[in-house]
Every structure is written in C-alpha cells, then in structure tokens.
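*Asks:* Numbering (this note's numbering), first residue to last: 331 to 456.
Ideal placement from N, C-alpha and C gives every residue a C-beta, glycine not left out.
Structure in structure tokens, see below.
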C-alpha cells in the first residue's frame with residue numbers, strides 16, 4: 331500500500347526532491363516500471379560475463395534512480411552491488427543481484443499499482 335511505512339518508495343520525499351512536480355514524478359515512475367526488466371537483465375548479463383566495469387556502471391545508475399525516487403532499500407542494494415563491483419568482486423554478485431532484483435520488483439510493483447498516486451495527490455507542493 332502506498333501510504334504504508336513498509337512502502338518501497340517515500341512518495342512525499344520524492345515529491346519534495348522534485349520540487350513538488352507531480353507530473354514529473356508520474357513520468358519518472360512510468361519510465362521506471364517500463365525500464366525495470368531491462369535493467370535487471372543488463373545487471374545479470376554483466377555479472378554473468380564478469381564485466382565488473384559494466385556491472386558497477388549499471389548499479390550506480392540504478393542507485394541514482396532509486397535515490398531520486400526515494401526508494402531507500404533499492405538504493406542500498408544497488409550501493410552494495412556497486413561496491414562489490416568496484417572491489418572487483420563478481421563472486422558475491424549473485425546474492426547481491428538477487429537483493430537488487432527483489433527491491434527493483436518491489437518498486438516497480440509499487441508504481442504499477444494505480445493506488446500509489448493517492449499518496450501523490452495528498453501531498454502539497456513544497
């Protein structure tokens with residue numbers, strides 16, 4: 331549920347970060363949902379090919395998207411994967427990738443549910 335304390339996205343904080351621009355947040359959410367499967371596949375492909383440079387880049391990019399959307403758990407999972415890639419460690423990547431995938435799915439499901447906009451509409455612009 332979008333207003334739940336366990337929600338994967340902090341809608342009020344994201345809206346504040348975006349200067350109260352509800353339309354922009356809706357657009358970012360739509361793009362996030364559309365791009366989520368491709369991002370997951372790209373991360374897994376980079377890990378499978380042991381391309382730590384690409385894995386780090388992809389994890390960093392997704393971490394930035396999560397930060398903008400105020401998806402703290404996804405951001406933390408991406409940071410852990412990015413750190414492992416920076417250290418050249420692809421070995422822990424499967425467990426870390428599973429964590430990123432789980433949080434990526436939670437955020438995508440959150441935004442795919444039309445109910446999330448109720449939280450959005452309840453927020454006054456800052």
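(1) Could you tell me the boundaries of the alpha helix (DSSP H) in which residue 386 lies?
(2) Please look up how many angstroms separate the CB atoms of residue 405 and residue 414, rounded, as I've assumed it's under 8 angstroms.
(3) Whole angstroms are fine: how far does the CA of residue 430 sit from the CA of residue 374?
(4) What three-state label does DSSP hand residue 344 in the structure shown?
(5) So which of 358, 395, 382 has the shortest CA-CA distance to residue 433?
(6) Given residue 437, which residues of its chain have a CB within under 8 angstroms of its CB, disregarding the five upstream and five downstream residues?
(7) Within 10 Å of its beta-carbon, does residue 425 have 16 or more other beta-carbons around it, so buried, or fewer, so exposed?
(8) I'd like to check one pair, residue 341 with residue 450: are the Cβ atoms closer than 8 angstroms?
(9) So what does DSSP say about residue 424, is it helix, strand or coil?
(10) Can you tell me whether residue 369 is buried or exposed? The criterion is at least 16 other CB atoms within 10 Å of its CB, across all chains shown.
(11) With respect to the alpha helix (DSSP H) encompassing residue 336, which residues constitute its N-terminal and C-terminal limits?
*Replies:* Looking at the coordinates:
(1) From DSSP, the alpha helix (DSSP H) with residue 386 extends over 382-399.
(2) Going by Cβ atoms, the distance from residue 405 to residue 414 rounds to 15 angstroms, so no, they are not a contact pair.
(3) C-alpha separation (whole angstroms): 10 angstroms.
(4) The answer is helix: DSSP assigns residue 344 an H, G or I state.
(5) Looking at the Cα atoms, 395 is the closest of the given residues.
(6) Cβ neighbours of residue 437 beyond the five flanking positions: 338, 339, 362, 366, 396, 399, 401, 404.
(7) With fewer than 16 other Cβ atoms within 10 Å, it is exposed.
(8) Yes, Cβ-Cβ distance for residue 450 and residue 341 is below 8 angstroms.
(9) Residue 424: helix per DSSP, three-state reduction.
(10) Residue 369 is buried by the Cβ-count criterion.
(11) DSSP places residue 336 outside any alpha helix (DSSP H), giving it a letter other than H or E.
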